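In the working numbering, the protein residues as written are 2 to 150.
Written out as structure tokens, the structure is:
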């Protein structure tokens, strides 16, 4: 069973509100704090789910070479980092809009349970990276039989 930490949950909520304002094009509404760096957007975007034995992460990494993406797991955190290369522009072109993000990226997700480091796999196909993290044996729910007295 995962421990619930009220302060961690409040900090996560604050981060989500800050990023919602930034995503809408507004600066941080109440100034900067020392607790978290300012980021413009979360990248890569992820879907995060679980079942009884595994955690599943699907991350959008379009334009990133799978060989340039690094995954690291430390305790209950997984970090996805890498680089998206810049797009070549032809000489003489006038750029009217540049929305495709380039450069270095990283995203750290807090995992809700302990994982088994020997049961981690990842694959990347067509700009979607799929990560499977096996839960540690002590984090897998067990059915307990109740005997009548």
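In this text, a Cβ means the ideal position worked out from N, Cα and C, and glycines have one as well. Quantities reported herein were computed from a predicted structural model and do not represent experimental measurements.
query, result
"At a cut of 8 Å, does the stretch 68-81 reach the stretch 109-123 through at least three beta carbon pairs?", "yes"
"Is the stretch 57-67 in contact with the stretch 91-100, if contact means three or more CB pairs nearer than 8 Å?", "no"
"Can you check which of these residues, 10, 53, 105 and 122, is closest to residue 144 by C-alpha distance?", "53"
"Verify whether the separation of the beta carbon atoms of residue 108 and residue 45 is less than 7 Å.", "yes"
"Between the alpha carbons of residue 12 and residue 69, how many angstroms are there, rounded?", "31 Å"
"Does the beta-carbon of residue 85 have 16 or more other beta-carbons within 10 angstroms, so that it is buried, or is it exposed?", "buried"
"Where does the unbroken beta strand (DSSP E) through residue 106 begin, and where does it stop?", "104-111"
"When we look at the beta-carbon of residue 21 and count the other beta-carbons within 10 Å, is it buried (16 or more) or exposed?", "exposed"
"May I have a chain-ordered list of the beta strand (DSSP E) segments no shorter than 3 residues that lie completely inside the stretch 112-144?", "116-126 and 129-136"
"Are the Cβ atoms of residue 140 and residue 72 separated by less than 7 Å?", "no"
"Whole beta strand (DSSP E) runs in the stretch 70-101 with 3 or more residues, listed along the chain?", "71-75 and 78-85"
"Please report how far the alpha carbon of residue 88 lies from the alpha carbon of residue 128, in whole angstroms.", "16 Å"
"How should residue 126 be labelled, buried or exposed, when 16 other C-beta atoms within 10 angstroms of its C-beta is the threshold for buried?", "exposed"
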